[in-house]
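Participant:
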Amino acid sequence: MGAFDTQWRSVSVPAFPPRPDINQFIGGYRRIPVVQIGAQFFCDTRLAYQALFESQTEPAPLIADGEALRQWAEADVFFAVLGAQKPTVAARFLFRELGVKGLIRFMQDRMRMMREATVTLLSATDASALLKRYVKVLSEHLETTAFLSGSAPGHLDFACYHPLWMAARVSPSDLHQWPASVRGWMGRMEQLGHGRSEPASIIDIEEAIRDDNVDASRWSLPSDWRSGELVTVAPLDYGLDASSGALLSMCDERIVIRRETASGHPVYVHFPRAGFSVARA
Numbered sequence: 022m023g024a025f026d027t028q029w030r031s032v033s034v035p036a037f038p039p040r041p042d043i044n045q046f047i048g049g050y051r052r053i054p055v056v057q058i059g060a061q062f063f064c065d066t067r068l069a070y071q072a073l074f075e076s077q078t079e080p081a082p083l084i085a086d087g088e089a090l091r092q093w094a095e096a097d098v099f100f101a102v103l104g105a106q107k108p109t110v111a112a113r114f115l116f117r118e119l120g121v122k123g124l125i126r127f128m129q130d131r132m133r134m135m136r137e138a139t140v141t142l143l144s145a146t147d148a149s150a151l152l153k154r155y156v157k158v159l160s161e162h163l164e165t166t167a168f169l170s171g172s173a174p175g176h177l178d179f180a181c182y183h184p185l186w187m188a189a190r191v192s193p194s195d196l197h198q199w200p201a202s203v204r205g206w207m208g209r210m211e212q213l214g215h216g217r218s219e220p221a222s223i224i225d226i227e228e229a230i231r232d233d234n235v236d237a238s239r240w241s242l243p244s245d246w247r248s249g250e251l252v253t254v255a256p257l258d259y260g261l262d263a264s265s266g267a268l269l270s271m272c273d274e275r276i277v278i279r280r281e282t283a284s285g286h287p288v289y290v291h292f293p294r295a296g297f298s299v300a301r302a
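Residues in the sequence shown are numbered from 22 upward in steps of one, following my numbering.
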């Protein structure tokens, strides 16, 4: 949000499920953040970025291997961050963030999540090697440019920044071992800030839904799917909890389902097409 000095509101939710405040709107989907714009909810950072900012600015062109780099950052590198740390370092970080009870619940939740996941967790040695390789790749791209997206930050920068931001929080000393080009980029990303935010309540969410008028007729479906049929949508890799709703759209980019609030107002939930399954309920 800081990249465009956006004014926004935020509902705080727990670090791990259950999150009833948002699940009543989006269903079982468990990953955060989720971005709400009126009656629409975007359950993916890329779709959210497009909805928020690409009407304000031309999308930044991807570098040659940008899409592969983004996918690497959001999958293998993301899981390598904690795996690369000594267990005592990771445990101290989680204890500081969550406390004793929170740490126990967090570990129980992650054990359940990974038991059902299709991703393979690396050993500590392999995770550390992967993280070092990732930093090296970023440093090579950043030798001649301020951001991965060029002269200004784009979605690729935010996707690639997130795992290193987490790594630096878990073990701040790691930051000093990274190349100057990466440290400089991290500093520039941090300076963007978070825009201008204020707390929001569930009442605020419901009012935004009620006051919106979404034109659902602009969405379309492949011929073998019927508009309005009940489906479930779930990630294919981890956090496989599904959301159910009436199917409105499915294309190469996204899936859109319609759900209803307790008061009967429609909400429109967007998921990426890649990496998600759609099944008739």
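Note that beta-carbon positions come from the ideal geometry of N, C-alpha and C, so glycine has one too.
If you follow the alpha helix (DSSP H) that Thr-141 is in, where does it begin and where does it stop?
Facilitator: Note, Thr-141: premise wrong, no alpha helix (DSSP H); not H, not E.
Participant: The beta strand (DSSP E) with Pro-220 in it runs from where to where?
Facilitator: Counting along the chain, the beta strand (DSSP E) containing Pro-220 begins and ends at 217–220.
Participant: Within a Cβ cutoff of 6 Å, which residues of the same chain sit near Gly-59, ignoring the five residues on either side of it in sequence?
Facilitator: Correct list, in chain order: Ala-229, Asp-233.
Participant: For the candidate residues Val-191, Val-235, Gly-296, whose alpha-carbon lies nearest to that of Val-290?
Facilitator: Nearest option by C-alpha distance: Val-235.
Participant: With Gly-216 and Trp-93 assumed to form a contact (beta carbons below 8 Å), what rounded beta-carbon distance in angstroms separates them?
Facilitator: That belief does not hold up - the Cβ atoms of Gly-216 and Trp-93 are roughly 27 Å apart, past 8 Å.
Participant: Does DSSP put Thr-253 in a helix, in a strand, or in coil?
Facilitator: Here Thr-253 sits in strand by DSSP.
Participant: Could you check the C-alpha separation between Asp-42 and Glu-161 for me, to the nearest Å?
Facilitator: Roughly 42 Å between the two C-alpha positions.
Participant: Report yes if the CB atom of Ile-224 is closer than 8 Å to the CB atom of Val-32, and no otherwise.
Facilitator: Not closer than 8 Å, so no.
Participant: Restricting to Cα atoms, I'd like to know which of Pro-243, Glu-118, Gly-171 is closest to Met-187.
Facilitator: Looking at the Cα atoms, Glu-118 is the closest of the given residues.
Participant: Given Phe-114, which residues of its chain have a CB within under 6 Å of its CB, disregarding the five upstream and five downstream residues?
Facilitator: Cβ neighbours of Phe-114 beyond the five flanking positions: Val-191.
Participant: Go to Pro-293, then tell me how far its beta strand (DSSP E) extends in each direction, as first and last residue.
Facilitator: That run of the beta strand (DSSP E) goes 287–293.
Participant: Pull up the DSSP beta-bridge partners for Ala-24, would you.
Facilitator: DSSP output for Ala-24 lists no bridge partner at all.
Participant: Based on Cα-Cα distance, which residue from Asp-195, Phe-99, Glu-164 lies nearest to Ala-148?
Facilitator: Measuring from the Cα of Ala-148, the nearest candidate turns out to be Phe-99.
Participant: Does the region 291–298 touch the region 261–276, meaning 3 or more C-beta pairs lie closer than 8 Å?
Facilitator: At 8 Å Cβ cutoff, the stretches touch.
Participant: When the Cα of Ala-255 is compared with those of Ile-47, Pro-39, Leu-151, Ser-218, which residue comes out closest?
Facilitator: For Ala-255, the nearest C-alpha among the options comes from Ile-47.
Participant: Any idea if Arg-91 is buried or exposed, counting beta-carbon neighbours within 10 angstroms, 16 or more meaning buried?
Facilitator: Looking at its Cβ environment, which holds 16 or more other Cβ atoms inside 10 Å, Arg-91 is buried.
Participant: Quick check: the region 127–147 against the region 256–263, are at least 3 beta-carbon pairs closer than 8 Å?
Facilitator: Counting Cβ pairs under 8 Å, three or more are found: they touch.
Participant: Quick one: what's got a C-beta closer than 6 Å to Cys-272's C-beta in the same chain, skipping five residues either side?
Facilitator: Within the same chain, Cys-272 has no close Cβ partners at all.
Participant: In the DSSP assignment, find the unbroken alpha helix (DSSP H) run with Phe-46 in it and report its ends.
Facilitator: Per DSSP, Phe-46 belongs to the alpha helix (DSSP H) from 41–47.
Participant: To the nearest angstrom, how far is it from the Cα of Leu-185 to the Cα of Val-121?
Facilitator: Their Cα atoms are separated by approximately 25 Å.
Participant: When DSSP builds the beta bridges, which residues end up paired with Arg-279?
Facilitator: Bridge partners of Arg-279: Ala-267, Tyr-289.
Participant: Could you tell me how far apart the beta carbons of Val-102 and Leu-177 are, in whole angstroms, since I believe they sit closer than 8 Å?
Facilitator: The Cβ separation is near 18 Å, so there is no contact.
Participant: When we look at the beta-carbon of Ser-144 and count the other beta-carbons within 10 Å, is it buried (16 or more) or exposed?
Facilitator: By the 10 Å Cβ count, Ser-144 comes out exposed.
Participant: Alpha carbon to alpha carbon, how far is Arg-12 from Ala-221?
Facilitator: Lying outside 22 to 302, the shown extent of the chain, residue 12 is not represented and no answer is given.
Participant: In chain order, which alpha helix (DSSP H) runs of at least 4 residues are fully inside the region 91–149?
Facilitator: Runs found: 99–104, 108–137.
Participant: Out of Pro-243, Gly-175, Val-288, Phe-168, which has the shortest C-alpha to C-alpha gap to Gln-71?
Facilitator: Taking only the C-alpha atoms, the option nearest Gln-71 is Gly-175.
Participant: Looking at Glu-88 and Ala-180, is the spacing between their C-beta atoms short of 8 Å?
Facilitator: Not closer than 8 Å, so no.
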